[in-house]
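Note that the sequence shown covers residues 2 to 161 in the working numbering. Even glycine gets a Cβ: it sits at the ideal position worked out from N, Cα and C. These figures come from a predicted structure and were not determined experimentally. Data first, discussion second: the structure below is written as structure tokens.
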Amino acid sequence: MSRLDGFISRMHSQRAVLNHIKAASMVAPDGVILEIGLGNGRTYDHMRELFPENRIIAFDRAVGSHPHSTPPESDLILGDIMETIAQFAGLDIAFAHADIGTAYPEKDAKTLTWLPQSIVAALKSGGIAASGLPLDHPELEPLPLPTGADPGRTYFYRKR
Ligand SMILES: C[S@@+](CC[C@H](N)C(=O)[O-])C[C@H]1O[C@@H](n2cnc3c(N)ncnc32)[C@H](O)[C@@H]1O
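Encoded structure:
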């Protein structure tokens, strides 16, 4: 598969999981959502459409998002996520979406030394996680992928 096809598959899969979370009402309207890796803000914008009543807090090193999909300052946490996400431990987050994979195995392996446990610490019991990198953790129960999501492109869990 070409890198272009791989990218398209990843985007289709990401959207399919987000749309499924919405369709299955897996996030209550008063639940706080974390967008881990704001990037250009395309996914943030989609999540904002899907979950208009929820507060969505986005993380990145610096603002690189399009002005039309940049969160308000109060919902933007800048810096290294490995450090900044720690302040959300125990805050009963309803849904965490992470898109910080790089396709460089050594970099992703480093990210995976802190990402799964950081998400587990932030989520409430029954909270949902979706990620472009696998989140192997005993407290995260893998959920079946919805139609339209390709295995290996996106990962989907509920906190036990
Ligand atoms: C693939 S992009 C996210 C794309 C996003 N879903 C969108 O729709 O534009 C990943 C983003 O995560 C950020 N990122 C990755 N690892 C990070 C870390 N440890 N700390 C802060 N930001 C990080 C990068 O700066 C980048 O902007």
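Restricting to Cα atoms, I'd like to know which of A17, D46, Q88 is closest to P145. A17
Counted within 10 angstroms of its Cβ, other Cβ atoms place H69 as buried (16 or more) or exposed: exposed
Just to check, is the beta-carbon of R62 closer than 8 Å to a non-hydrogen atom of ligand 1? yes
May I ask you to list the residues that DSSP assigns as paired with P143? Y158
Between S14 and ligand 1, is there a pair consisting of the residue's CB and a ligand heavy atom that are separated by less than 8 Å? no
E107 lies in the alpha helix (DSSP H); which residues open and close that run? 106 to 112
With hydrogens ignored, establish whether the beta-carbon of Y158 is closer than 8 Å to any heavy atom of ligand 1. no
Indicate, with yes or no, if ligand 1 has a heavy atom lying under 8 Å from the CB of R43. yes
Contiguous beta strand (DSSP E) assignments of at least 3 residues, all confined to the region 64 to 97: For the region 64 to 97, the continuous beta strand (DSSP E) assignments of 3+ residues that do not extend past its boundaries occur at 77 to 79, in sequence order.
Let me know if M11 comes out buried or exposed under the rule of 16 or more other beta-carbons within 10 Å of its beta-carbon. First, the amino acid is wrong: residue 11 is Arg here, not Met. Classified as buried, R11 has 16 or more neighbouring CB atoms from the shown chains inside 10 Å of its CB.
Contact check, I58 vs D46, beta carbons under 9 Å: no
Are the CB atoms of G38 and I101 nearer to each other than 9 Å? yes
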